[in-house]
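Trainee: Residue numbers (my numbering): 22 to 460. For each residue, glycine too, the CB sits at the ideal point set by N, CA and C. Keep in mind it's a predicted model, so treat the numbers as computed, not measured.
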Ligand SMILES: [Zn+2]
Ligand SMILES: [Zn+2]
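(1) Give the straight-line distance between the Cα atoms of residue 449 and residue 440, rounded to the nearest whole angstrom.
(2) Residues in the same chain with beta-carbon distance under 8 angstroms from residue 68, minus the five sequence neighbours each way, listed in chain order, please.
(3) Who are the near neighbours of residue 127 in its chain, counting only those whose CB is closer than 7 angstroms to its CB and skipping five residues on each side?
(4) Using a threshold of 7 angstroms, is the CB atom of residue 341 nearer than that to any non-hydrogen atom of ligand 2?
(5) Enumerate, from N- to C-terminal direction, the unbroken beta strand (DSSP E) stretches of 3 or more residues contained entirely within the stretch 54 to 121.
(6) For residue 4, collect the residues of the same chain with a Cβ closer than 6 angstroms to its Cβ; drop the 5 residues on either side in sequence, then sort them by chain order.
(7) Measuring only from the beta carbon, is residue 296 closer than 7 angstroms to any heavy atom that is part of ligand 1?
(8) Kindly indicate the opening and closing residues of the beta strand (DSSP E) around residue 418.
(9) For the structure I just gave you, are there three or more beta carbon pairs, one from the stretch 132 to 146 and one from the stretch 109 to 123, closer than 8 angstroms?
(10) So residue 449 is in the alpha helix (DSSP H); what residue range does that whole segment cover?
(11) Helix, strand or coil for residue 349 per DSSP?
(12) Are the Cβ atoms of residue 37 and residue 89 separated by less than 8 angstroms?
(13) Touch check for the stretch 82 to 101 and the stretch 405 to 424: three-plus C-beta pairs under 8 angstroms?
(14) Is residue 371 near ligand 1, in the sense that its beta carbon is under 7 angstroms from a heavy atom of that ligand?
(15) Within the continuous beta strand (DSSP E) that includes residue 185, where are the two ends?
(16) Report back the beta-carbon spacing between residue 206 and residue 236 to the nearest angstrom; my notes put them in contact at under 8 angstroms.
(17) Flag this pair as touching only if the stretch 342 to 353 and the stretch 364 to 383 have three or more C-beta atom pairs under 8 angstroms; answer yes or no.
(18) Using DSSP with H/G/I as helix, E/B as strand and the rest coil, what is residue 170?
(19) Would DSSP call residue 204 helix, strand or coil?
(20) Can you name, in chain order, every residue of its own chain whose Cβ lies under 8 angstroms from the Cβ of residue 408, other than the five neighbours on each side?
(21) Short of 8 angstroms in beta carbon distance, which residues of its chain neighbour residue 199, apart from the five on each side in sequence? Order them along the chain.
(22) Tell whether a beta-carbon distance below 8 angstroms holds between residue 181 and residue 173.
(23) Name the two residues that bound the continuous beta strand (DSSP E) containing residue 365.
(24) One question on the structure: do residue 375 and residue 345 come within less than 8 angstroms of each other, judged by their Cβ atoms?
(25) Would you decide whether residue 258 is buried or exposed? Buried here means 16 or more other CB atoms lie within 10 Å of its CB.
(26) Buried or exposed for residue 294, going by 16 or more other Cβ atoms inside 10 Å?
(27) Considering only the alpha carbon of each residue, which of 40, 389, 58 lies closest to residue 429?
(28) According to DSSP, simplified to helix, strand and coil, what is residue 391?
(29) Does the distance from the CB of residue 72 to the CB of residue 60 come in under 8 angstroms?
(30) Near residue 403, which residues of its chain fall below 6 angstroms by C-beta distance, leaving aside the five closest residues on each side in sequence?
(31) At the level of alpha carbons, what is the spacing between residue 360 and residue 334?
(32) Classify residue 386 as helix, strand or coil using the three-state DSSP reduction.
(33) Considering only the alpha carbon of each residue, which of 50, 81, 291, 62 lies closest to residue 405?
(34) Over the uninterrupted alpha helix (DSSP H) stretch that includes residue 130, give me the two end residues.
(35) Helix, strand or coil, according to DSSP, for residue 400 in the structure here?
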């Protein structure tokens, strides 16, 4: 290769390295913005998550979007790694790998790994690191599992004391059940207050701790009453709604809608549940006697549902596309909307709620396309408009970094590695706080 050509290619290589470092610095800024947007719930406008919003608004593929959000969150507690990325000294690929294992305690050491090694080295170290973490975690999980316990004993004054440690998923179930029981008790209390016409609603609202105690009692009672049977998975969350037909058609109409246990539900919720549900139509006389029970029918017949799934392929809400969903009547059947393909659209559970209960609107245009609007009436396009980009974005980026006092050049992100063989096992032994230290 002639010296001329070689120096031209060197310059080209330098230019690539410098621009890549600029992009990494800009990525740090992007992650800062994503972290703030995520923490402040800016995506919570009909989207399932910050990643789903990024996919829609920025055009990232879902995997990359989730990864950006994960790294953004992690960097919130890892200031050294964040700064190295912001200075263009550590590539995004390295930071992404390191944030999978780094904690505030190990950040400094891992930053040194990132500075010294190539991206491939970093990847291998992180993989070894995770193995040690996993072993430690498996030991920890086993220890936690054996420590599960529930103690119920009587205090000196006769009250019972309940104390325990349960697995996270059991705890989640308990918390959910307690919340449901609290809600029931609250509704009951409100109904009693209303029927007593009492003015002393403020009399004495129980504290949350007191409500929890009452809720636990209701849980125990309910469990014994129904026999200890969690039911088949499909039945566990089944909800029965009794609704007066006029209410379904017009929320303003007189009548009522209640859950099996008497809990009132909003007419919007009712409309959602009835939108794509099995129906058993019962006719009552005015005094409540059932005079006629119709056969159980699906609102949307199976053949039509298959065609609907085939046409929509997933949730039609902008930016969603979850591959399974419920059939939504664009104009509700109770208001005379037909159960036909053009009046139906597939929506996931989350977005079915958005449309029925959160004020999002959808309409089918004459050309067959769906048009979505936010609760305030602004359109929610399937594909958002592109942002304005300067004619020479690289120039703008470089100028902005210079204005920030960032000095980025071709060697800013160069690893310190000199070509020696990497001994991952040795490196982990030296670096990982838990390595070689079982138990
Ligand atoms: Zn619906
Ligand atoms: Zn959806």
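Mentor: Result, derived from the coordinates:
(1) Position 428 of the chain shown, counted from the first residue, corresponds to residue 449. Position 419 of the chain shown, counted from the first residue, corresponds to residue 440. The alpha-carbon atoms of residue 449 and residue 440 are separated by roughly 19 angstroms.
(2) Numbered from its first residue, the chain shown carries residue 68 at position 47. Within the same chain, residue 68 has close Cβ partners 74, 77, 340, 341.
(3) Here residue 127 corresponds to residue number 106 of the chain shown, with the count starting at 1. Excluding residues within five positions, the ones whose Cβ falls inside 7 angstroms are 454.
(4) Residue mapping note: residue 341 aligns to position 320 of the chain shown, counting from 1. Yes, the beta carbon of residue 341 sits closer than 7 angstroms to at least one heavy atom of ligand 2.
(5) none
(6) Lying before the first or after the last residue shown, residue 4 is absent from the chain, which here runs from 22 to 460.
(7) Translated into the one-based positions of the chain shown, residue 296 becomes position 275. True, at least one ligand heavy atom lies under 7 angstroms from that Cβ.
(8) By 1-based counting over the chain shown, the position of residue 418 is 397. No beta strand (DSSP E) holds residue 418; the alpha helix (DSSP H) holding it covers 414 to 424.
(9) yes
(10) Indexing the chain shown from 1 puts residue 449 at position 428. Run containing residue 449: 445 to 452, per the alpha helix (DSSP H) assignment.
(11) Here residue 349 corresponds to residue number 328 of the chain shown, with the count starting at 1. Here residue 349 sits in strand by DSSP.
(12) Against the chain shown, residue 37 aligns to sequence position 16. Against the chain shown, residue 89 aligns to sequence position 68. No; because the gap between Cβ atoms is not below 8 angstroms, this pair is not in contact.
(13) no
(14) Along the chain shown, one-based indexing puts residue 371 at 350. Result no, Cβ not under 7 angstroms from ligand 1.
(15) Within the chain shown, residue 185 is the residue found at index 164, counting from 1. From DSSP, the beta strand (DSSP E) with residue 185 extends over 181 to 186.
(16) For the purposes of this step, residue 206 is taken as the residue at position 185 of the chain shown. For the purposes of this step, residue 236 is taken as the residue at position 215 of the chain shown. Right, the Cβ-Cβ distance comes to about 6 angstroms (below 8 angstroms), so this counts as a contact.
(17) yes
(18) Taking the first residue of the chain shown as 1, we reach residue 170 at position 149. The answer is strand: DSSP assigns residue 170 an E or B state.
(19) One-based indexing of the chain shown puts residue 204 at position 183. In this structure, residue 204 counts as helix in the three-state DSSP scheme.
(20) For the purposes of this step, residue 408 is taken as the residue at position 387 of the chain shown. Counting only Cβ-Cβ distances below 8 angstroms, and skipping sequence neighbours, we find nothing.
(21) Within the chain shown, residue 199 is the residue found at index 178, counting from 1. Counting only Cβ-Cβ distances below 8 angstroms, and skipping sequence neighbours, we find 233, 236, 237, 240.
(22) The residue labelled residue 181 in the question sits at position 160 within the chain shown. The residue labelled residue 173 in the question sits at position 152 within the chain shown. A contact, by the Cβ cut-off of 8 angstroms.
(23) Counting from one through the chain shown, the residue named residue 365 turns up at place 344. Run containing residue 365: 365 to 368, per the beta strand (DSSP E) assignment.
(24) Here the question's residue 375 lines up with position 354 in the chain shown. Here the question's residue 345 lines up with position 324 in the chain shown. Cβ distance not < 8 angstroms, so residue 375 and residue 345 don't count as in contact.
(25) Counting from 1 along the chain shown, the entry for residue 258 is found at position 237. Confidence at residue 258 is low in this model, with a pLDDT of 41, below 50, so its placement is unreliable and the value that follows should be read with caution. Classification of residue 258: exposed, given that the 10 Å Cβ count is below 16.
(26) Indexing the chain shown from 1 puts residue 294 at position 273. Classification for residue 294: buried.
(27) Counting from one through the chain shown, the residue named residue 429 turns up at place 408. Of the candidates 40, 389, 58, the one whose C-alpha sits nearest the C-alpha of residue 429 is 40.
(28) By 1-based counting over the chain shown, the position of residue 391 is 370. Residue 391: strand per DSSP, three-state reduction.
(29) To locate residue 72, count along the chain shown from 1; it is residue 51. To locate residue 60, count along the chain shown from 1; it is residue 39. No. Outside cutoff.
(30) Numbered from its first residue, the chain shown carries residue 403 at position 382. For residue 403, where only same-chain residues beyond five positions count, the Cβ hits under 6 angstroms are 339.
(31) Counting from one through the chain shown, the residue named residue 360 turns up at place 339. Counting from one through the chain shown, the residue named residue 334 turns up at place 313. Rounded to the nearest angstrom, the two C-alpha atoms are 18 angstroms apart.
(32) Walking along the chain shown from the start, residue 386 turns up at place 365. Of the three classes helix, strand and coil, the one that applies to residue 386 here is coil, per DSSP.
(33) Here residue 405 is taken as the residue at index 384 of the chain shown, counted from 1. If we check each option's Cα against that of residue 405, 81 comes out closest.
(34) Position 109 of the chain shown, counting from 1, holds the residue named residue 130. From DSSP, the alpha helix (DSSP H) with residue 130 extends over 128 to 137.
(35) As a working note, residue 400 is residue 379 in the chain shown. Correct three-state label for residue 400: strand.
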